[in-house]
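Taking UniProt numbering, the leading residue of the sequence shown gets 1, the next gets one more, and so forth. Idealized CB from N, CA, C, for every residue including glycine. Because the structure is a prediction, the values reported are computed rather than measured.
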Amino acid sequence: MSENKVEQLRDEGSRMQVVAAGAIAGLVSRFCIAPLDVVKIRLQLQSHSLSDPLSYANQAHKGPVYKGTIFTLKTILREEGLTGLWKGNVPAEGMYLAYGGIQFLAYRSATQAIEDLTPNYKLPGTAVSFVAGAVAGTAATTATYPLDLLRTRFAAQGNDRVYTSLRSSIRDIAKNEGPKGFFRGLGAGIGQIVPYMGLFFAFYESLKPAFAGVSMPLHSLGSGDAIAGVLASMMSKTVVFPLDTVRKRLQVQGPTRAKYVHKNIPAYDTGVVRTLTSIVAKEGARSLYRGLTVGLFKAAPASAITMWTYERAIHSLQSFDALEGKH
Numbered sequence: 001m002s003e004n005k006v007e008q009l010r011d012e013g014s015r016m017q018v019v020a021a022g023a024i025a026g027l028v029s030r031f032c033i034a035p036l037d038v039v040k041i042r043l044q045l046q047s048h049s050l051s052d053p054l055s056y057a058n059q060a061h062k063g064p065v066y067k068g069t070i071f072t073l074k075t076i077l078r079e080e081g082l083t084g085l086w087k088g089n090v091p092a093e094g095m096y097l098a099y100g101g102i103q104f105l106a107y108r109s110a111t112q113a114i115e116d117l118t119p120n121y122k123l124p125g126t127a128v129s130f131v132a133g134a135v136a137g138t139a140a141t142t143a144t145y146p147l148d149l150l151r152t153r154f155a156a157q158g159n160d161r162v163y164t165s166l167r168s169s170i171r172d173i174a175k176n177e178g179p180k181g182f183f184r185g186l187g188a189g190i191g192q193i194v195p196y197m198g199l200f201f202a203f204y205e206s207l208k209p210a211f212a213g214v215s216m217p218l219h220s221l222g223s224g225d226a227i228a229g230v231l232a233s234m235m236s237k238t239v240v241f242p243l244d245t246v247r248k249r250l251q252v253q254g255p256t257r258a259k260y261v262h263k264n265i266p267a268y269d270t271g272v273v274r275t276l277t278s279i280v281a282k283e284g285a286r287s288l289y290r291g292l293t294v295g296l297f298k299a300a301p302a303s304a305i306t307m308w309t310y311e312r313a314i315h316s317l318q319s320f321d322a323l324e325g326k327h
């Protein structure tokens, strides 16, 4: 069944249809989960330990203390208003728009290339999905990383704004940090996305047949695809979450590090591995998973919405082109 699905993806519409459907899926998904994304970033950037009263007893001058998803949501709403939950949404929408299109196009192209390179040996569908997913994730992450960094920095801002606009942020980073400033933490991003996307597509392709016949009240919304997407995303996210935390910490490094809502973000100038070990040494291993709960809660609807929207968008585009062809 997995091999059949790979075969379907290979012939699932034109390149333009795949790009458009992927972009639409990313755009819709991003808008829906934006508040949870802001909460996750705020928790990941919180460097003090909540288990040690002395480490946060006098944090007033260093920024707010967040304790859990609901408390963080309420705190942001109270202190920054409703718009605070959509901080960074402009660059994030641009990122998800481009990311969705690049991801699905690269996945489709990689799948075709793998099958063309191995004409005499048919690889298992799960293996093809893993490799193609990893290639797609790497390409999409690298191409959209500057927007990801801007999303993180805007989401990390409190009422004291570090950047007044998207244009000013780009100008400021280019002037004070140079081109490399837009790619801080890219190593952690690729180190995270390769196994994540590979595992996600592999899990999704494997789980989807098992849920194909699931009947639920919202069966007309593609409940089987949604469940497969949710489970695949949650399993993959848990495995690579520590690298996501490292990436967020590295993205806010530079001359503006002490100006975000958390004023005491440590300085990390030693790369991905040493940053990870430094966090563990100073804050404990549990700090690498700070924000995991909301991350999983975010990943579930995000992946379900993405896969559901993509499959319906591609079918709608195919139907539209078919009607156009008749006229």
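At the level of alpha carbons, what is the spacing between residue i and residue j?
i	j	result
glycine 63	threonine 306	34 Å
leucine 276	serine 319	49 Å
proline 146	histidine 262	22 Å
leucine 82	isoleucine 76	8 Å
glutamate 205	proline 301	18 Å
alanine 156	arginine 42	6 Å
histidine 315	proline 209	19 Å
glycine 284	valine 246	14 Å
arginine 153	isoleucine 227	32 Å
tyrosine 163	phenylalanine 200	34 Å
glycine 198	serine 129	7 Å
tyrosine 310	alanine 281	42 Å
leucine 36	glycine 68	12 Å
glutamine 17	glutamate 93	20 Å
leucine 166	valine 38	17 Å
phenylalanine 183	arginine 171	15 Å
serine 278	aspartate 116	45 Å
leucine 54	glutamate 79	Summary for leucine 54: the model assigns pLDDT 47, below 50, so the residue's position carries little reliability; its value from the coordinates is reported in the next sentence. About 24 Å.
alanine 34	arginine 274	30 Å
alanine 202	serine 47	34 Å
asparagine 4	valine 194	With a pLDDT of 47 at asparagine 4, under the threshold of 50, the predicted position of this residue should be treated as unreliable, and no value is reported.
glycine 101	serine 233	19 Å
alanine 127	leucine 288	29 Å
serine 122	leucine 231	For the record, residue 122 in the displayed sequence is lysine; it is not serine. Taking the straight line joining both Cα atoms gives about 27 Å.
threonine 72	tryptophan 308	29 Å
serine 169	threonine 118	46 Å
valine 135	alanine 110	7 Å
alanine 258	valine 239	30 Å
lysine 175	cysteine 32	34 Å
leucine 207	leucine 317	26 Å
Checking 9 Å against the spacing of the C-beta atoms, do residue i and residue j come in under that value?
i	j	result
arginine 151	proline 242	no
glycine 295	glutamine 251	no
leucine 105	valine 19	yes
lysine 298	lysine 40	yes
asparagine 89	arginine 30	yes
isoleucine 265	arginine 249	yes
isoleucine 190	threonine 144	no
glutamine 112	alanine 139	no
glycine 229	alanine 212	no
glycine 187	glycine 254	no
aspartate 269	glutamine 44	no
alanine 21	alanine 322	no
Could you work out which residue in the options is closest to residue i when comparing CA atoms only?
i	options	result
isoleucine 114	Gly133, Ala98, Tyr96, Gly100	Gly133
glutamine 192	Gly229, Leu149, Gly137	Gly137
tyrosine 196	Lys87, Ala34, Glu79, Ser303	Ser303
threonine 256	Glu177, Val239, Met234, Asp321	Glu177
tyrosine 260	Asn159, Leu207, Glu80	Asn159
arginine 161	Tyr107, Ala202, Gln17, Lys87	Lys87
methionine 235	Gly254, Leu292, Arg274	Leu292
arginine 15	Val65, Glu79, Tyr107, Ser47	Tyr107
valine 65	Lys180, Arg290, Gly181	Arg290
leucine 149	Ile173, Val135, Ala127, Val131	Ile173
Could you have a look at residue i and say whether DSSP puts it in helix, strand or coil?
i	result
isoleucine 265	coil
serine 14	coil
lysine 248	helix
glycine 88	coil
glycine 68	coil
serine 47	coil
aspartate 37	helix
alanine 212	coil
glutamine 157	coil
glutamine 253	coil
lysine 122	coil
threonine 275	helix
serine 319	helix
serine 168	helix
glycine 162	Just to set this straight, residue 162 is valine in the shown sequence, not glycine. In this structure, valine 162 counts as coil in the three-state DSSP scheme.
threonine 270	coil
task = Could you say if the region 22–34 and the region 95–104 meet the contact criterion of at least three C-beta pairs nearer than 8 Å?
result = yes
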